[in-house]
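Here is the structure we will look at, set down as C-alpha cells.
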Amino acid sequence: MTTRADDGRRVLLVEDDDLQARLYRTMLRQHTDYWGESPIDGSDEPAVTIETAETLEGGRTALEEASEPFALVLLDLNLPDSSGLETLNAVLEVVTETPVVVLTGMNDATIGREAVERGAQDYLMKEHVTPRLLSQTVAYAIERRSRTGELERQRRELAVLHWLVRQEIRDDATVVLGWAAELEPSGPEEERTVSRIVEAGERIVELTESVGATVQALEESQPALTAVDLSFVLEEEIERLERRNDCEVTLDRPDGESPVRADRFLNIVVRNLLTSALPTENGSNGEVRVSVRRDRDADRAVELAVSDTEAELPPADRERGADRGHTGNGTDVGLYLVRTFIDRYDGRLEIEEGENGESGTTIRVLLRAPT
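Numbering (our numbering), first residue to last: 2 to 372.
Here it is in C-alpha cells:
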C-alpha cells in the first residue's frame, strides 16, 4: 500500500500489522512541520510518501527495485519471515545511503541500542511512540544521514587529494630534484638556473607535506597530542629558512627544552608561521625575529612570537587570511594552516602591529605545555 504526496519524500515502512501501519501513516501525516514542508494545498495529504511492505522479503524487494532511493526505512524488527536484529542485518545488506529507524515491540532499550551499533540511525519502542516523537525521529534520522553522507563524500575526496599530492606530485618533484643533482653547470648562469630548479622542487615537496598534514587534520576529529620540544623544532626550521632565503632570523628563547602539546605536524606549523613573516614577496632581504617565553597570564602555556620588519599586509588582512585562507596573498594559506593546527592544539593565535611604534607585524601563538 502507498500513501502519496505529489512532491513528498519517500519512506518505506516495513510492518506486518496493518493496524500499526495505518497508525504510523496517520502519525506522520499529523506532524509535517518536522519535514520542513506543509500538506499540499491545505489537503489532508501528507508531505511525505509512505510505501509499505509486510515482510522482510517484500521490504528488500521494494528497496532493490526502487527507481530512486528511499529517504528512510522504518523497520519493524519482528516480521513473519524474520525476527530481531537479523531483520536489520538483512535490510542493511541492500541499503547504503538510506537511514534505517527500527521499531521494536520489546520494552527494552538494549536491542535498540544494539541496532544503532549495527548501523541503524535510531530506534523506537512501539509502546512509547507518539505522533510527534515518530515524525521527529524520522525527520532527524534523515537529516543526520544526509550530513553523514556528505561528510563521507568529503572524506573520500580528501583521501584522493591526499594520495595525488603525497604520491604523484611529490614523486615527480623528487624525480626533478634527482635529475637536477646530476647536472653539471658550466657557468654562473647555468648554476643560477639549476639552483632555481632545485629551490622550486624543494618548495613543491614542502607544499605536499603541508597539504598532506592539512588533509589528515581535517580527517581526524580527535588529534593525538603528545609533548613536542618547540625549541628543537624552531632551530630546525630556522636553519631551513635561512638556508633557503636571504634573510636574518633572530631567535630569543630560554635555555633548555620548551615542551608543548602538539603532534608530528608541529614542524610544518612552525615552517608556515616563519614563512608568513618573510617581509618581501620573494622571501628575501628581510629580518625575522622569533621569541619563546612562558606566558604569565595563562596556566602552563608557552608563547611563540614571530615578527617581521616590514608589514606587507595590515594585521586585519592577515587575520582574515588566517580565518578564511584567502585574499590573494600566499601567506594567507600558510596562516590558515597555522590557525587550523593551533585550534587542534587548543592554543591561540593573535596578529598585531609591531610593538613600541615599530613597523611590521607580530604573530603570537600561545601553546599549552604538557600537563
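Every residue gets a Cβ at the ideal spot worked out from N, C-alpha and C, and that includes glycine.
Since this is a predicted model, take the numbers as computed values, not measurements.
Residues that DSSP places opposite M126 in a beta bridge: Stepping through the sequence shown from its first residue, residue 126 is reached at position 125. Note: M126 sits in a beta bridge opposite T105.
CB contact flag (L73, R146, <9 Å): For the purposes of this step, residue 73 is identified with residue 72 of the sequence shown, where counting begins at 1. For the purposes of this step, residue 146 is identified with residue 145 of the sequence shown, where counting begins at 1. Cβ atoms of L73 and R146: closer than 9 Å.
With 16 other Cβ atoms within 10 Å as the buried cut-off, status of G257: For this step, residue 257 is matched to residue 256 along the sequence shown. Exposed: under 16 other Cβ atoms inside 10 Å.
Segment contact flag, the region 98-113 with the region 121-133, C-beta cutoff 8 Å, min 3 pairs: yes
Residue range of the alpha helix (DSSP H) that includes T56: Counted from its first residue, the sequence shown places residue 56 at position 55. Looking at the DSSP string, T56 is not in any alpha helix (DSSP H), and its letter there is neither H nor E.
Exposed unless 16 or more other CB atoms sit within 10 angstroms - verdict on T372: The count along the sequence shown starts at 1 and reaches residue 372 at position 371. Looking at its Cβ environment, which holds fewer than 16 other Cβ atoms inside 10 Å, T372 is exposed.
Environment of E190 [buried if 16+ CB atoms lie within 10 Å]: Numbered from its first residue, the sequence shown carries residue 190 at position 189. The residue is exposed, with fewer than 16 neighbouring Cβ atoms inside 10 Å.
Range covered by the beta strand (DSSP E) that runs through A263: On the sequence shown, position 262 is the one that residue 263 refers to. First-last of the beta strand (DSSP E) with A263: 260-263.
Chain-order list of residues whose beta-carbon lies under 8 Å from that of A225 (same chain, five-residue window excluded): If you number the sequence shown from 1, residue 225 lands on position 224. Contacts found: D264.
Three-state class that DSSP yields for R204 in the structure shown: The residue given as residue 204 occupies position 203 in the sequence shown. It is helical.
Rounded C-alpha distance that separates L24 from P81: Numbered from its first residue, the sequence shown carries residue 24 at position 23. Numbered from its first residue, the sequence shown carries residue 81 at position 80. Going by the C-alpha atoms only, they are around 19 Å apart.
Inter-residue Cα distance where the pair is Y346 and D19: Taking the sequence shown and counting its residues from 1, the one referred to as residue 346 is at position 345. Taking the sequence shown and counting its residues from 1, the one referred to as residue 19 is at position 18. Looking at the two C-alpha atoms, the distance is approximately 56 Å.
Proximity of L1 and L274 at Cβ, strictly below 9 Å: Any question about residue 1 goes unanswered here, given that the chain covers just 2 to 372.
Alpha-carbon spacing of R171 relative to G202, whole angstroms: Counting from 1 along the sequence shown, the entry for residue 171 is found at position 170. Counting from 1 along the sequence shown, the entry for residue 202 is found at position 201. Looking at the two C-alpha atoms, the distance is approximately 9 Å.
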